[in-house]
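Working notes, beginning with the structure itself.
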Amino acid sequence: GDSVTQMEGPVTLSEEAFLTINCTYTATGYPSLFWYVQYPGEGLQLLLKATKADDKGSNKGFEATYRKETTSFHLEKGSVQVSDSAVYFCALSGTGTASKLTFGTGTRLQVTL
Amino acid sequence: GAVVSQHPSWVICKSGTSVKIECRSLDFQATTMFWYRQFPKQSLMLMATSNEGSKATYEQGVEKDKFLINHASLTLSTLTVTSAHPEDSSFYICSALLEGRYNSPLHFGNGTRLTVT
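If you read the protein sequences in the order shown, they are chains A and B. One gets my numbering by counting positions in the first sequence from 1 and adding 1 to each. One gets my numbering by counting positions in the second sequence from 1 and adding 1 to each.
This is the structure:
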C-alpha cells in the first residue's frame, strides 16, 4: 500500500537558517504530494502541493519538488523564522483516490532566535 | 477561508463510557468528512470516510461498532467512541471536503485529545 516516510524530529534551527525536511514515498501510479503544517493549538493547514512529476509547489517561502525518480518531495526554506515553528506533515493521495490522504509521521520544527 | 470546528478539544473519560466528538464545517457544506487517529510520534491514520446521508466507509482494521460515525447533515459529522478503553486514548482529527470539490485540499479541525482512565 501507499506510505510516506519523513525525517524524525524535532529539528531545531536558529532564525535565518536553511531548512530541509526530507520526505520519501511509496505509491503505485501517479500520486499527488502535499505538505501540511500544524501550528501550535491549530488544525492542519495545506502548505503546498504538487500533482505531477517535476512540479514545484511553493508557498510562504517554502518549496518542494516532486521527484519521481527518487520518489521524494523534500521541503525546503532558505531562511526560517521563529513563526515557522510548527509540525510539518508530508502526505500523498493515490491515483484515483483524491482527498484520501496518507500521512508521514510529522516533523516538529523549532526555530530559535 | 473554510473553517472546520472540532469539539471538544480534549476529553477525559472513564473506561466503559462513550464519548462523542463533533466535527462541523462552519462556512461551507461538506458532503464528505474524514476521521483520522494519531498515536504519539506516529502518522495520522485514516479511520473512516463519512458521507452525508449514508453509511461511513471504514478502513481495514477499524471496528465500526466501536467507532460509530454519523453524518446527518452537510455541516456535521460525529464520531462516538463506544465503551472506551485506555487503548482508545489518542488524538482524533477530522477533515472536511468542500462539496463537489473532490480534488480540492482538505480542511482540518484542531483535533480532540481523548484520554481514557
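Don't be surprised by glycine CBs; every beta carbon is placed ideally from N, CA and C. Source: prediction; values computed, not measured.
Amino acids of chain B, ordered along the chain, whose beta-carbon sits closer than 7 Å to that of residue i
| i | result |
| --- | --- |
| Thr27(A) | What Thr27(A) touches in chain B: nothing, since even the nearest Cβ is about 13 Å away. |
Where the beta strand (DSSP E) containing residue i begins and where it ends
| i | result |
| --- | --- |
| Thr66(A) | Phe63 to Thr66 |
| Phe92(B) | Ser91 to Leu98 |
| Phe35(A) | Ser33 to Gln39 |
| Leu47(A) | Leu45 to Ala51 |
| Phe19(A) | First-last for Phe19(A): undefined, no H or E at that position. |
Residue i: contacting residues in chain B (beta-carbon distance under 8 Å)
| i | result |
| --- | --- |
| Glu43(A) | Asn111 |
| Lys101(A) | Phe35, Leu47 and Thr50 |
Residue i - partner residues in DSSP beta bridges
| i | result |
| --- | --- |
| Trp14(A) | Here residue 14(A) is Leu; the residue named in the question, Trp, does not match the sequence. For Leu14(A), which the question treats as bridged, DSSP gives the partners Val112(A). |
| Glu23(B) | His8(B) and Thr79(B) |
| Met46(B) | Arg38(B) |
| Ala87(A) | Leu110(A) |
| Ala57(B) | DSSP output for Ala57(B) lists no bridge partner at all. |
| Gly58(A) | Ala65(A) |
Neighbour list for residue i in chain A, Cβ cutoff strictly below 9 Å
| i | result |
| --- | --- |
| Val5(B) | Gly44 |
| Ser55(B) | Within 9 Å Cβ-Cβ: nothing; Ser55(B) doesn't reach chain A, min ~16 Å. |
| Lys21(B) | Those do not exist, as Lys21(B) stays about 19 Å from chain A at its closest Cβ, beyond 9 Å. |
| Leu69(B) | Those do not exist, as Leu69(B) stays about 21 Å from chain A at its closest Cβ, beyond 9 Å. |
Classification of residue i by the beta-carbon crowding that lies within 10 angstroms, buried from 16 upward
| i | result |
| --- | --- |
| Pro32(A) | buried |
| Lys15(B) | exposed |
| Phe40(B) | exposed |
| Trp36(A) | buried |
| Tyr67(A) | buried |
| Trp1(B) | Residue 1(B) lies beyond the residue range present for chain B, which begins at 2 and ends at 118; the question has no answer from this structure. |
| Gly42(A) | exposed |
| Lys78(A) | buried |
Partner residues on chain A for residue i, Cβ-Cβ distance less than 8 Å
| i | result |
| --- | --- |
| Gln43(B) | Thr106 |
| Leu77(B) | Per Cβ cutoff of 8 Å: no residues; Leu77(B) is ~17 Å from chain A at best. |
7 Å Cβ cut-off: residues of chain A touching residue i
| i | result |
| --- | --- |
| Leu80(B) | Ordered by position in chain A, no residue passes the 7 Å Cβ test against Leu80(B), which lies about 15 Å from the chain. |
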